[in-house]
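So the first sequence is numbered by the numbering used here: it starts at -4 and just counts up by one.
Single-structure report; data block below.
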Amino acid sequence: MNDLPKAYDPKNVEDDISRAWEASGYFNPDTLPIPKNAEAFSIVLPPPTVTSTLHLGHAMYVIEDVMIRHARMQGKRTLWLPGMDHAAIATQNKVERIVWDKEKKTRHDLGREELIRRIDAFVADSRSTITNQLKKMGFSLDWSRERFTLDPAISRAVQKMFVDMHTDGLIYRGSRIVNWCPRCQSTLADDEVEYKEERTPFYYFKYGPFSIATVRPETKIGDKVVIVHPKDKRYTKYHGKTFPLPWIDGDIEARVIADEASDPELGSGAMTITPAHSFVDFELAKKYGIEIENIIGQDGRLTNAAGKYAGLTTQEARKKFVEILQKKGLVEKIDENYTHNLTVCYRCGTAVEPLVSPQWFVDVNKPVVTWKGVKKSLKDVAIEVVKSGDIEIIPDRFEKTYFQWIENLHDWCISRQLWYGHRIPVWYCVGDEHEGAVCKLECRQPVVQTDHPIECRYCGSKNLRQDPDTLDTWFSSGMWTFTTLGWPEKTRDLKTFHPTNVLETGYDILFFWVARMILMTTYATGEVPFRTVYLHGLVRDKEGRKMSKSLGNIIDPLDMSAKYGTDALRLALMTGTTPGNDVNLYEEKIAGYRNFVNKFWNIARFILTTVETPRYVDTMPTLATDADRWIISRLHETTRGVNKLMDKYQYGLAIEKLYRFTWNDLADWYLEIAKVERPVIASEAKQSPLLLFILQNLLKLWHPYAPFITEHVYQMLNGHPKNMLMIETWPNEKTTQTTFAHESERAILAMQDIVNAIREKRSWLAIPYTTTLELSGKMGKAKGLEHLIEHFGKVKMVKKPQGKTLALTNGLSLSGFTGVNFEKEHAKTKKELKNLEGYITGLAKKLANEKFTSNAPKNIIEQERAKLEAATERVKDLKNKLKQLT
RNA sequence: GGGUCUGUAGCUCAGUUGGUUAGAGCGCACGAUUCACAUUCGUGAGGUCAGAGGUUCAACUCCUCUCAGGCCCACCA
-4 MNDLPKAYDP KNVEDDISRA WEASGYFNPD TLPIPKNAEA FSIVLPPPTV TSTLHLGHAM
56 YVIEDVMIRH ARMQGKRTLW LPGMDHAAIA TQNKVERIVW DKEKKTRHDL GREELIRRID
116 AFVADSRSTI TNQLKKMGFS LDWSRERFTL DPAISRAVQK MFVDMHTDGL IYRGSRIVNW
176 CPRCQSTLAD DEVEYKEERT PFYYFKYGPF SIATVRPETK IGDKVVIVHP KDKRYTKYHG
236 KTFPLPWIDG DIEARVIADE ASDPELGSGA MTITPAHSFV DFELAKKYGI EIENIIGQDG
296 RLTNAAGKYA GLTTQEARKK FVEILQKKGL VEKIDENYTH NLTVCYRCGT AVEPLVSPQW
356 FVDVNKPVVT WKGVKKSLKD VAIEVVKSGD IEIIPDRFEK TYFQWIENLH DWCISRQLWY
416 GHRIPVWYCV GDEHEGAVCK LECRQPVVQT DHPIECRYCG SKNLRQDPDT LDTWFSSGMW
476 TFTTLGWPEK TRDLKTFHPT NVLETGYDIL FFWVARMILM TTYATGEVPF RTVYLHGLVR
536 DKEGRKMSKS LGNIIDPLDM SAKYGTDALR LALMTGTTPG NDVNLYEEKI AGYRNFVNKF
596 WNIARFILTT VETPRYVDTM PTLATDADRW IISRLHETTR GVNKLMDKYQ YGLAIEKLYR
656 FTWNDLADWY LEIAKVERPV IASEAKQSPL LLFILQNLLK LWHPYAPFIT EHVYQMLNGH
716 PKNMLMIETW PNEKTTQTTF AHESERAILA MQDIVNAIRE KRSWLAIPYT TTLELSGKMG
776 KAKGLEHLIE HFGKVKMVKK PQGKTLALTN GLSLSGFTGV NFEKEHAKTK KELKNLEGYI
836 TGLAKKLANE KFTSNAPKNI IEQERAKLEA ATERVKDLKN KLKQLT
């Protein structure tokens, strides 16, 4: 044991430990040595997307590893299931960009099959990188159950889900206005668009008797309806009227409709509507039966509806139309200083074009989901499961945000015009191509089924074409908790591990993902997907900024792990934050925990090299000294506190508590005391079972947070009951329960007070370190610990002090000073006395106040009284000291 | 516009059912250091807990308002 390195070197340890863990099979609940009836505990890893390698955001998975390791040590049948998400739009974009950069080819040049082949190769590559990264972080994932959202089994489940939902009328095809990205050539969900402030000319046109304003003249060519507010008196006379007017492409006729959608305060109070390219206008058009026609096509150019202007880009058309209107004298005003929010694609930043197209939707309002025996809509179930407490969201303030979002939920557009992803299981008959077939009207009906149909069920044609679109990524990830466990088969895993216990993820995907999982899972399984949703914050830099490439403030988790060790990184991520709050991470913080890990290493090293045989001590040894009883009491209190905090998901605080105990109590005091006392207690000198007992408990308590170093040290002990720390029994209060006299604890505390006071005097009065001072007076509660005080305070106990004395505390005095200027001390003492007297007056007043004594609980009154007593005692000391100093 | 979070020592943050003369780490200053650890040890200086009211015997903690920042949602012709 003497060859242990002075400094902990994580590099040499982590890989070995990782390999040993994996070889053990303990990450897999099937090969975990636990009783058959052990309680199950499961978490499904929020699947990282395969677009890139892991960043610090993913390192937050460490919270899940802590939960999992904790549960495993509590003897539960523990499963943490890994997987990755194909992230259709992001991945396809990425690969398309790579192909374009390298070969100047578009996806259409490659064709569907070739593009998919390229994507698959890219994905295989990034999957293996991600896997290695996850392993490097020490995550105890069961890799034997790894899933990918495009696995054949998952695909079948997704298609079955689609068909089931379609059968139940929850999925329908409809023409609706959608966000269209002309660059990605796909629809975007409401939450896949972003807004960017943009300065743009704001045009005012003369439209018959009205003045209308717009930033998008190119869409206005077909407008034939004016909306005014019903209560706007200026326009009452026009309600329901039609009128002719000169417009972009010749004269047209327009009509006026009164509707509250128009805001009289805004502009002229009159607006024309463009049904196909504005969400508000689309709703109005449906309400009043106005013809809905796309002016702009999916390629971002004007359609045939624009007549001779068809084919112009929106920019060209804008310029052209303004010119035309100007010539006709219809431009009233152009406001150049107008800013508005431009809608852009969250992936590529291209301006989104709202347009109308046929898409597949999930109906969130149709009451066809049976939940607890009642038919409800997806929306209602999603609200109910949280209201009823079937799902708990931590921190609970997010429940409010959740409700608000669900309540405003519209039907969910699930079709995407992408090639990468789950193909929509729908076929259309194109059957009139074979001889003799008579394609009836019904053939236009889509055939919805999981397998490729052999022939059209209406006309018998064998010429069927599958819907070219794929499903929104969130459709498949919404099913993640149960498809990964084998659904729709009634597997043992599904029975054992579903619902999962916790979903731990960032609050930024509460809507994207969490809400969708709740919708999909309750419908498919009749169960909630998870009992608890734990939301963590985002990882930011020291200034609280998001980490991004452009800011250059990105911290790579693997760099940090290589530089400071994975345990240090894990600790830095888990502390200084509470659930739902963002965590600021910076290198100094990680370095701080590297120092701690090294401290831990040296504590272990000290204990291991002190004892004759470093063995595992299971039961609490006899406690021989006051210090023994004190440290065990502290260990007990720490264990209890940590357990309590972990039950409440307060991991940051639990770490802090452990940290205090380990460094401040154990290392700074107890080990130092042990150096003094152990050699005296001869029988235990070489054994130090208590040190080993404490070490054993610490290893367990720290293991979920710092798994590598703890496992490494555990492996150095002889006679440990389990072959690995990761399956050791979690310490509970009984482990450290003691029946010792509290006097022991108080004695040590008093000793610490005295030593601290002496140290302070030494430092404050600049007494040379080599000077040995004399201590005299009654030891009070610290009686019997004189030897420790002498050792730590570097003092000599004397009965009769020589020369000048200085009152210290608790009636003790210091003497033996040489060449000390007491003026500083005098001034300080006076100041302290003054403060103290104010404090005492306050306390006395409080205690004399009848309202206080009659209202406050007894223990508080007792506490205040004790404070007063202590303060009064202290005043006596200080007065005494002043007398001596003058 | 609607919602929500944050504002505590120079910096980053704790402080969970209201009861300490308000805490930690880092940084800073001073002092130590062959004996587990300089990735160390000891000591110290720093805060009217954003501001103003209110409830209470008692408020960093609860309520109202104001100020300053962040985020989410909705987006207007």
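Ideal Cβ placement from N, Cα and C applies to all residues, glycine included.
Since the model is a prediction, treat every value here as computed from it, not as a measurement.
Within the region 176 to 256, the beta strand (DSSP E) runs of at least 3 residues that lie entirely inside it are, in chain order, 181 to 183, 188 to 202, 205 to 209, 220 to 223, 237 to 242, 245 to 253. Taking C-alpha positions only, Tyr3 is separated from Trp596 by approximately 6 Å. DSSP places Thr468 in the helix class (H, G or I) of the three-state scheme.
Going by beta carbons, Leu240 and Tyr202 fall inside the 8 Å limit. For Asn360, the secondary structure class from DSSP, reduced to helix, strand or coil, is coil. In this structure, Ala510 sits away from Trp355, with a CB-CB distance that is not shorter than 8 Å. When only Cα atoms are considered, Glu318 and Val326 end up about 9 Å apart. Gly806 and Phe656 have their C-alpha atoms spaced approximately 30 Å apart.
Arg296 carries a strand assignment under DSSP once its states are collapsed to helix, strand and coil. Counted as a single uninterrupted DSSP element, the stretch harbouring Lys370 is not any alpha helix (DSSP H) but the beta strand (DSSP E) occupying residues 369 to 371. Taken through DSSP and simplified to helix, strand or coil, Gly473 comes out as coil. With a beta-carbon spacing of about 7 Å, Ser352 and Ser170 fall inside the 8 Å limit used to define contacts. With 16 or more other CB atoms across the displayed protein chains lying within 10 angstroms of its CB, Ser37 is buried. The beta carbon of Val523 is closer than 8 Å to those of Val380, Asp385, Ile386, Pro494, Ile513, Thr516, Thr517 in its chain, skipping five residues each way along the sequence. Distance between Pro463 and Arg229, taken at the CA atoms: about 51 Å.
Here Leu803 has Ala752, Leu809 as same chain residues with Cβ atoms under 6 Å from its own Cβ, once five neighbours each way along the sequence are excluded. Three or more Cβ pairs closer than 8 Å define a contact, and the region 715 to 731 falls short of that threshold against the region 768 to 777.
With respect to Pro616, Pro684 sits close: the two C-beta atoms are nearer than 8 Å. Where Lys791 is concerned, the enclosing beta strand (DSSP E) starts and stops at 790 to 792. The beta carbon of Asp488 lies closer than 7 Å to those of Leu480, Gly481 in the same chain, with the five residues before and after it left out. Closest option to Lys226, judged by alpha-carbon separation, among Ala253, Phe205, Lys219, Val210: Ala253. Given a length threshold of 4 residues, each whole run of the alpha helix (DSSP H) inside the region 668 to 744 is given here in chain order: 684 to 697, 702 to 709.
With a cutoff of 8 Å on beta-carbon distance, Glu288 and Pro177 are scored as not near each other. Assigned with DSSP and collapsed to three states, Ala82 falls in coil, not helix or strand. Bridge partners of Asn336 according to DSSP: Glu192.
Taking a contact as a CB-CB distance under 8 Å, the pair Leu466 and Gly501 does not count as one, their CB atoms being some 23 Å apart. Fully contained in the region 481 to 520 are the following beta strand (DSSP E) runs of length 3 or more, in chain order: 495 to 501.
Counting along the chain, Ile388 sits inside the beta strand (DSSP E) bounded by residues 387 to 389. A direct Cα-to-Cα measurement between Asp613 and Asp137 gives close to 30 Å. Here DSSP, grouped into helix, strand and coil, assigns Val606 to coil. Residue environment analysis places Thr605 among the buried positions, since at least 16 neighbouring C-beta atoms fall within 10 angstroms of its C-beta. For Trp658, no beta strand (DSSP E) run applies, since DSSP gives it neither H nor E.
Thr338 and Glu193 have their C-alpha atoms spaced approximately 10 Å apart. For Val421, there is no enclosing alpha helix (DSSP H); the enclosing beta strand (DSSP E) has its first and last residue at 421 to 424. A straight-line Cα-Cα distance of about 12 Å links Gly473 and Ile409.
For the region 6 to 49, the full-length beta strand (DSSP E) segments reaching 3 residues or more read 35 to 39 along the chain.
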